[in-house]
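A.B. asks: Residues in the sequence shown are numbered from 138 upward in steps of one, following the numbering used here.
We put the beta carbon where it would ideally sit given N, CA and C, even for glycine.
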Amino acid sequence: MPDLLPPVQADAIDGLIAKAGQRRRSRFDLKRRLSISIAGLLVIVLGLSVAAVLRNSAQSVRGEIEAVMRLADRLVGQDIASAAARGDEAGWNALLDVLDDSRHLCVQRTRAARPSNCPAPMPAEVPRWFSHTVAPPTLELRREFIASDGRVLHAVIRADAADEVLEAWSEARPLLTAIALIGFLINAIVVVTVWFFLRPVDAIRQAIVRMSRGELQPQLPRAATPELGGIVEGLVDLGTRLRQAREDKHRLLRRNLELQESERSAIARELQDELGQGLAIIDANVSLLQQSLDEDAQSQAESQQTLLLIRDSVADCCDRLRAMLVQLRPSGLSEFGLGYALQSLIGNWERHCPHIRFESQVDPNAAPDDALTQVYVYRVAQEALTNAVRHSGARHVRMEFGTARGEPVCLRIVDDGAGLRETRRSRKGHGLRGIRERAEALGAVLDLQSPPSGGTQLELWLPDSVMQVSRLG
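1) Where does Arg617 fall in DSSP's three states?
2) Enumerate in chain order the residues of its own chain whose CB-to-CB distance from Pro258 is below 8 Å, with the five nearest sequence positions on each side excluded.
3) Kindly indicate which residue of Glu577, Ala521 and Arg542 has the alpha-carbon position closest to the one of Gly592.
4) Quick check: the Cα distance between Gln442 and Pro545, rounded to an integer number of angstroms?
5) Would Val198 pass as a contact of Glu301 if the rule is Cβ separation under 8 Å?
6) In the DSSP assignment, what residue or residues form a beta bridge with Ser497?
7) Exposed or buried, which one is His269 when buried takes at least 16 other CB atoms within 10 Å?
8) Measuring CA to CA, which of Pro264, Asp339, Val346 and Ile202 is closest to Thr275?
9) Where do the ends of the beta strand (DSSP E) carrying Gln594 lie?
10) Tell me where the beta strand (DSSP E) around Gln586 begins and ends.
11) With distance defined between alpha-carbon atoms, name the residue in Gln354, Glu352 and Val338 nearest to Gly367.
12) Rank Lys386, Glu384, Cys455 and Asp385 by C-alpha distance to the C-alpha of Ile419 and give the top, closest one.
13) With a 10 Å radius around its C-beta and 16 neighbouring C-beta atoms as the bar for buried, classify Ser424 as buried or exposed.
14) Take Leu548 as the anchor and find which of Gln519, Gly530, His533 and Ala555 has the nearest alpha-carbon.
15) Taking the Cβ atom as the reference point for each residue, do Arg535 and Glu496 lie within a distance shorter than 8 Å?
16) How long is the line joining the alpha carbons of Gln480 and Val499, rounded to whole angstroms?
17) Starting from His489 and walking both ways along the alpha helix (DSSP H), at which residues does that stretch end?
18) Output the distance between the C-alpha atoms of Ala452 and Asp553, rounded to the nearest integer angstrom.
19) Spell out the partners DSSP gives His387 in its beta bridges.
20) Return yes when the Cβ of Leu290 is within less than 8 Å of the Cβ of Glu281, no when it is not.
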């Protein structure tokens with residue numbers, strides 16, 4: 138069942154909504170943009186924090202290794218030189234053993250300087266990226282010792298940072314884990330907060346779309362922030378003002394149409410009282426003249442012919458007058474009801490247009506009680522039939538009026554003419570505008586379209602409870 142509220146004419150709002158929809162499809166919405174921006178900022182902050190931890194770990198490892206190498210350099214410079222001066226090979230080896238047992242040093246002793254297997258590889262539990270970032274360049278000391286028998290002994294003392302890197306990893310791992318966990322929690326809290334507080338934005342947008350389509354009291358969400366609360370209050374106030382404006386417009390439109398019907402009724406009475414009586418008097422006088430003609434046969438024949446022409450002209454004027462009265466005042470509507478008036482309207486067109494096939498199905502019990510509402514429905518049918526017969530070139534016209542299966546009362550008029558586009562070209566649209574004005578005044582839904590098969594289909598759905606149209610004082 139179609140919506141019974143007429144849509145609000147809000148082309149500007151519809152345009153803004155369409156543009157907003159296009160922008161929304163082409164880029165992220167506000168919630169996603171805020172979430173991505175905050176997440177990016179957190180990634181930068183967390184990256185700087187991780188870089189600071191790695192830098193401190195690298196400085197700590199490098200400082201420890203450099204201190205050990207300075208100590209080894211002093212020991213080698215003093216004790217090994219003393220042992221070499223004495224030719225004490227055992228003292229030389231003992232000192233190198235002490236250095237080799239150090240956790241941050243490794244010693245390679247050879248007769249000739251050769252590549253050494255030390256330092257030891259990094260522990261498996263230390264990630265490669267951490268060891269590459271933290272481990273300092275390999276530092277080494279090279280020394281020679283000439284034994285008493287003339288042999289030349291070489292020693293290469295290298296820094297072994299594996300233990301220090303493992304210790305740095307043990308200290309940095311909890312910090313890095315805490316940084317990652319804190320970053321994840323902060324991002325999750327921010328995202329949830331943003332989505333929670335901006336969740337009403339989509340509902341507000343949908344409410345604006347529904348308002349632009351005529352639903353002036355859509356369901357609005359509860360705003361979680363004062364800013365959104367102000368927007369919601371503004372929409373509520375806007376809906377109230379639009380509803381009041383629409384009611385005022387309907388009231389003025391009804392008043393205008395009521396005045397039109399009153400003027401038409403007054404003109405119809407004047408025509409019937411004045412022109413109709415005058416034509417009747419003329420017709421009676423002509424009849425009297427026919428009876429009082431002289432006995433002269435030739436004069437009587439000529440006079441009779443003239444009088445017949447006068448009576449034919451009077452009869453034609455009477456027919457035209459009756460047609461004008463039907464247009465100005467619905468025939469039989471106030472006396473017999475809307476159903477009879479619609480059937481009479483179809484019958485009148487059948488008499489004047491025998492080349493067009495008319496069909497009708499009218500339920501007289503479906504007519505609304507309000508008299509002015511009946512007039513509006515009759516005028517819509519009258520204008521639609523006039524449009525089908527005179528302007529669309531239809532050969533088959535069908536009119537239905539009634540209700541079924543609990544649906545609202547519907548007036549449906551279908552023809553096989555040229556359709557709406559050709560009809561608009563042949564007229565300036567005053568008839569269709571009048572139909573739309575009466576539908577809006579009734580609070581009814583008007584569906585006017587040209588089916589793909591051709592022709593025009595008009596449907597006027599009356600609301601369940603038609604507002605009684607009262608005269609405004």
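C.D. replies: Result, derived from the coordinates:
1) Beyond the ends of the chain as shown, which are 138 and 610, falls residue 617; an answer cannot be given.
2) These residues qualify, in order along the chain: Ala299.
3) The candidate whose alpha carbon is nearest that of Gly592 is Ala521.
4) Separation of Gln442 and Pro545 (C-alpha to C-alpha, rounded to the nearest whole angstrom) is 58 Å.
5) Result yes, Cβ atoms of Val198 and Glu301 sit closer than 8 Å.
6) Paired residues: Met536.
7) Its Cβ having fewer than 16 others within 10 Å, His269 is exposed.
8) The residue among Pro264, Asp339, Val346 and Ile202 with its C-alpha nearest the C-alpha of Thr275 is Ile202.
9) DSSP places Gln594 inside the beta strand (DSSP E), whose first and last residues are Thr593 to Trp598.
10) Val582 to Gln586 is the extent of the beta strand (DSSP E) around Gln586.
11) Ranked by Cα distance from Gly367, the first of Gln354, Glu352 and Val338 is Val338.
12) Answer by Cα proximity: Cys455.
13) Burial call: exposed.
14) Nearest in C-alpha terms to Leu548, of all of Gln519, Gly530, His533 and Ala555, is Gln519.
15) Cβ atoms of Arg535 and Glu496: closer than 8 Å.
16) Using only the alpha carbons, I get a separation of about 7 Å.
17) Annotation: the continuous alpha helix (DSSP H) that includes His489 extends over Leu475 to His489.
18) The alpha-carbon separation between Ala452 and Asp553 amounts to approximately 34 Å.
19) Looking at the DSSP output, His387 sits in no beta bridge, so it has no partner there.
20) Yes, the Cβ-Cβ distance between Glu281 and Leu290 is below 8 Å.
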